[in-house]
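Asks: Numbering (the numbering used here), first residue to last: 0 to 185. In this text, a Cβ means the ideal position worked out from N, Cα and C, and glycines have one as well. Right, I'll just put the structure down here and ask away after.
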């Protein structure tokens, strides 16, 4: 069963990276076909990648989790503040290399109610932030939560993964560059 799973995963990755359905889905290795896309549109990444938050100048480990709908970011001292005639969220983001706490202030986009594994509900603030994933800058919606007890300070859920056009290799980690392109590279 494992070899069959790996075989179909490899066929899917190859079909996606080389442009979709060719030769009847590569000789029938998949039941369905991904739509045709060019290799430049999708980036191959592992299930764990480093991502950069350019505004804070930090690189964090991220778990790419297709089982979670919402993305979340490790934050502490989260509080709602009034600023520029609107509701903003102030929070601390910890640089894993230095241990320094960076004060962040982001516009509050909305609140969200998350259902935990225990079945209990939890309310969180949601902010939009630029994040560099696989060498590309993306604006991603994050719910803020203390993830200090977790291995990965960033969790990228389906909503973000769908928008940022990635192919995830479930057997690999750290396949991509977390840095954003400079203005010269655009």
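Along the chain, where does the beta strand (DSSP E) containing residue 109 start, and where does it finish?
Replies: Where residue 109 is concerned, the enclosing beta strand (DSSP E) stretches over 100 to 114.
Asks: For the alpha helix (DSSP H) containing residue 159, name the first residue and the last one.
Replies: Note, residue 159: alpha helix (DSSP H), 157 to 163.
Asks: Do the CB positions of residue 175 and residue 70 come within less than 8 Å of each other?
Replies: Contact: no.
Asks: Using DSSP with H/G/I as helix, E/B as strand and the rest coil, what is residue 90?
Replies: In the structure shown, residue 90 sits in a strand (DSSP, three-state: E or B).
Asks: Name the two residues that bound the continuous beta strand (DSSP E) containing residue 131.
Replies: Element bounds for residue 131: 120 to 132.
Asks: Just how far apart, CA to CA, sit residue 199 and residue 89?
Replies: Given that the chain is displayed from residue 0 to residue 185, the structure contains no residue 199 and the question cannot be resolved.
Asks: Measuring alpha carbon to alpha carbon, tell me which residue in 170, 145 and 139 is nearest residue 122.
Replies: It is 145.
Asks: Taking C-alpha atoms, which residue in 132, 112 and 179 lies nearest to residue 62?
Replies: Cα-wise, what sits closest to residue 62 is 132.
Asks: Taking the alpha carbon of residue 100 as the point to measure from, which residue in 76, 179 and 107 has its own alpha carbon closest?
Replies: Selected option, being the one with the closest Cα: 76.
Asks: Would you please state the rounded distance, in angstroms, between the beta carbons of residue 60 and residue 153? I believe it to be under 8 Å.
Replies: Indeed, because the Cβ distance is near 7 Å, the residues count as touching under 8 Å.
Asks: Label residue 72 either buried or exposed according to how many other C-beta atoms from any shown protein chain fall within 10 Å of its C-beta, with 16 as the threshold for buried.
Replies: So residue 72 counts as buried.
Asks: Who pairs with residue 62 in a beta bridge, going by DSSP?
Replies: Residue 62 is bridged to 47 and 154.
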